[in-house]
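Notes for the one structure printed next.
Numbering (this note's numbering), first residue to last: 18 to 154.
Rendered as structure tokens:
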């Protein structure tokens, strides 16, 4: 039986301490901030797989892992698009964010939001490449 992660925020916090290096388009090397071990993460459209202990124990019917290494790689990829991910364990919490959602396995749902801030303002691309500013709250 597949296990479900119930403390998505703990996974999110842990993921922020990892170091991510992209090897190929969907292949990442993620070094744990705690143990300094490096794991291979492969990302797909709906999550990713990891070579860590949790990732290796995923059931055959759904090999996706929502370990902190996968979340770190997803956040790295989102950052390249000017976004930042947040992890949620309950669908209603993720939906309440009014952001794009992505179930990545193990009961974890990611949301993403615009990351860029300049001088206290969120910046969003305007048509024609100019920046439009809105006050960050």
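Think of the CB as a built atom: it goes at the ideal place given N, C-alpha and C, for glycine as much as any other residue.
Bear in mind that the values here come from a model prediction, so they are computed numbers and not experimental data.
Inset, instruction - Please list the segments of the beta strand (DSSP E) lying wholly inside the segment 76-126, counting only runs of 3 or more residues, in order along the chain. - result: 100-105, 118-122
Legend entry - Beta-carbon proximity of residue 110 to residue 22, cut-off 8 Å: Here residue 110 refers to the residue found at position 93 of the chain shown. Here residue 22 refers to the residue found at position 5 of the chain shown. No.
Legend entry - DSSP-derived helix/strand/coil call for residue 30: Numbered from 1 along the chain shown, position 13 holds the residue referred to as residue 30. Residue 30 falls in the helix class under three-state DSSP.
Inset, instruction - Compute the beta-carbon to beta-carbon distance between residue 131 and residue 90, rounded to the nearest angstrom, for a pair I have assumed lies under 8 Å. - result: For the purposes of this step, residue 131 is taken as the residue at position 114 of the chain shown. For the purposes of this step, residue 90 is taken as the residue at position 73 of the chain shown. Going by Cβ atoms, the distance from residue 131 to residue 90 rounds to 20 Å, so no, they are not a contact pair.
Legend entry - Range of the contiguous beta strand (DSSP E) that encloses residue 38: The sequence position of residue 38 within the chain shown is 21, counting from 1. Residue 38 -> beta strand (DSSP E) spans 36-41.
Inset, instruction - Give the straight-line distance between the Cα atoms of residue 74 and residue 115, rounded to the nearest whole angstrom. - result: To locate residue 74, count along the chain shown from 1; it is residue 57. To locate residue 115, count along the chain shown from 1; it is residue 98. Their backbone Cα atoms lie some 32 Å apart in a straight line.
Legend entry - Separation of residue 129 from residue 120, as counted between CA atoms: As a position in the chain shown, residue 120 is number 103, starting the count at 1. As a position in the chain shown, residue 129 is number 112, starting the count at 1. Straight-line Cα distance between these residues: approximately 12 Å.
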